[in-house]
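Residue numbers (our numbering), protein chains in the order written: chain W, -3 to 174; chain C, 38 to 225.
Structure first, commentary second.
Below you can see the structure in the form of structure tokens.
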């Protein structure tokens, strides 16, 4: 009935840390674009970019760790369809967790504003300022964010459904604690 | 007057003319299309490039006697462009350039002396937002084909001119030091 195995503590820590960072970046992103121009708005833009870069770094580590070690098995009664859906969602989430910050990174470069991480470290200027593609990258970043938002809702809803409706103990796989 | 002194005067005059003619100062025509006035400033340590798209420069340049040269640059403040329409508009407001009250910024040289490394040491008055400040900076001159190319980098402190008032005074947000880069190309 219940899932017996958890992800490693390392994976669990990264999962929740990344989740918090993504939520923070997402909220900031939505607030900051509607603000009138002010020093606070500019601060939010910087914090948003720093969060995005941090997410990118942590997701890279998470992915490597995920590829190097097996995830705990799904609950026994999940069946083929749900397994495919779960795997598909997770893969898409990984893709988006790279694509969203990367699209943002290229957007800010195209706009002519390189990222100075934490105000201290100049991050690589991979493309020169490019007004032509700037607007497309902005739209791409926004669209990818909307898709990720939907997938995250699906991800959360599914986890809760499994744990509280199916009562298969799924959330235990990601439960923090020793 | 005796013919001897008349001849002398004539000789001296001719000699003077011959010496003077290559050194006659010329008001050179500035090629505005090839010239630029670029700005670099730092926003939370991120370098931001901007420029003034409309300006007129006049240079009265004498290669043989640079000290007799004179340069003026008049800048149309509302032509400021940092690549984003919304921010371009913001910068014209009262807290920044106050372009409505001060539509022009200008630099007028008061002296240009030969300096180290073949450059000119330029001193002059920079006026922005109603404030005039003495500045000096090195200006390099090179000949490119039939044109003269003048390049100068003038660092200023924006707070000296009250650019960025009120909540924008915070130099952690927008640094005080701003680089003004003059690149003036003359037409033959």
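Backbone N, C-alpha and C fix where the C-beta goes; we use that ideal spot for every residue, glycine too.
Note that this is a predicted model, so its numbers are computed, not measured.
{"Item": "Residue interval of the beta strand (DSSP E) (run including residue 81 of chain C)", "Value": "Per DSSP, residue 81 of chain C belongs to no beta strand (DSSP E) and is neither H nor E."}
{"Item": "Where residue 140 of chain C sits in the DSSP three-state scheme", "Value": "coil"}
{"Item": "CB contact below 7 Å: residue 49 of chain W versus chain C", "Value": "no"}
{"Item": "Residue 96 of chain C versus residue 165 of chain C: straight-line alpha-carbon distance, rounded", "Value": "20 Å"}
{"Item": "Residue 66 of chain C versus residue 176 of chain C: straight-line alpha-carbon distance, rounded", "Value": "18 Å"}
{"Item": "Contacts around residue 87 of chain C, its chain only, beta-carbon distance under 8 Å, and the 5 residues preceding and following it disregarded", "Value": "75, 76, 77, 78, 117, 118, 119, 120"}
{"Item": "Within 8 Å of chain C by C-beta, residues of the segment 106 to 128 of chain W in sequence order", "Value": "107, 108, 109, 110, 111, 112, 115, 116, 125, 127"}
{"Item": "Test item: CB-CB of residue 111 of chain C and residue 148 of chain C under 7 Å", "Value": "no"}
{"Item": "Per-residue burial, residue 171 of chain W [other beta carbons within 10 Å of its own, 16 or more giving buried]", "Value": "exposed"}
{"Item": "Delimiting residues of the alpha helix (DSSP H) encompassing residue 167 of chain W", "Value": "Per DSSP, residue 167 of chain W belongs to no alpha helix (DSSP H) and is neither H nor E."}
{"Item": "Runs of alpha helix (DSSP H) wholly within the segment 92 to 131 of chain C (minimum 4 residues, chain order)", "Value": "122 to 128"}
{"Item": "Exposure of residue 161 of chain W, with buried meaning 16 or more beta-carbon neighbours within 10 Å", "Value": "exposed"}
{"Item": "Same chain, Cβ closer than 8 Å to residue 213 of chain C, five either side skipped, listed in chain order", "Value": "194, 195, 196"}
{"Item": "For residue 75 of chain C: DSSP bridge partner residues", "Value": "C/88, C/218"}
{"Item": "Buried or exposed (CB count within 10 angstroms, at least 16 for buried), residue 185 of chain C", "Value": "buried"}
{"Item": "Exposure label - residue 141 of chain W; buried when at least 16 CB within 10 Å", "Value": "buried"}
{"Item": "Coarse secondary structure for residue 187 of chain C, derived from DSSP in three states", "Value": "strand"}
{"Item": "Extent of the continuous alpha helix (DSSP H) to which residue 27 of chain W belongs", "Value": "5 to 28"}
{"Item": "Among C/124, C/140, C/98, the one whose alpha carbon lies nearest that of residue 179 of chain C", "Value": "C/98"}
{"Item": "Three CB pairs or more closer than 8 Å across the segment 4 to 12 of chain W and the segment 36 to 45 of chain W", "Value": "no"}
{"Item": "Contact set between the segment 22 to 34 of chain W and chain B, restricted to residues whose Cβ is under 7 Å from the partner", "Value": "Going by chain labels, chain B is absent from the structure shown, which instead holds the protein chains W and C."}
{"Item": "Proximity below 7 Å, CB of residue 64 of chain C to CB of residue 133 of chain C", "Value": "no"}
{"Item": "Residue 4 of chain W at chain C interface by Cβ criterion, 7 Å", "Value": "no"}
{"Item": "N-terminal and C-terminal residue of the beta strand (DSSP E) that residue 174 of chain C is part of", "Value": "168 to 181"}
{"Item": "Proximity below 7 Å, CB of residue 17 of chain W to CB of residue 51 of chain W", "Value": "yes"}
{"Item": "Sub-7 Å separation of residue 105 of chain W and residue 123 of chain W beta-carbons", "Value": "yes"}
{"Item": "CA-to-CA distance, residue 150 of chain C to residue 128 of chain C, given in whole angstroms", "Value": "35 Å"}
{"Item": "Run of the beta strand (DSSP E) containing residue 165 of chain C, from where it starts to where it stops", "Value": "157 to 165"}
{"Item": "Counted within 10 angstroms of its Cβ, other Cβ atoms place residue 156 of chain W as buried (16 or more) or exposed", "Value": "exposed"}
{"Item": "Proximity test, residue 174 of chain C beta-carbon vs the ligand GTP heavy atom, cut-off 6 Å", "Value": "In the structure on display, the ligand GTP does not appear, and there are no ligands present to speak of."}
{"Item": "Chain W within 7 Å of residue 149 of chain C, Cβ atoms only", "Value": "no"}
{"Item": "Proximal residues of chain C, C-beta to C-beta of residue 38 of chain W below 9 Å", "Value": "80, 81, 210, 211"}
{"Item": "Residue 55 of chain W: first and last residue of the uninterrupted alpha helix (DSSP H) it sits in", "Value": "35 to 64"}
{"Item": "Supposed close pair residue 127 of chain W, residue 210 of chain C - CB separation, criterion 8 Å", "Value": "Going by Cβ atoms, the distance from residue 127 of chain W to residue 210 of chain C rounds to 24 Å, so no, they are not a contact pair."}
{"Item": "Residue 223 of chain C, buried or exposed, once every other Cβ within 10 Å from all chains shown has been counted against 16", "Value": "buried"}
{"Item": "Residues that residue 262 of chain C bridges to, as DSSP identifies them", "Value": "Chain C is shown only over 38 to 225; residue 262 of chain C falls outside these bounds and no answer can be derived."}
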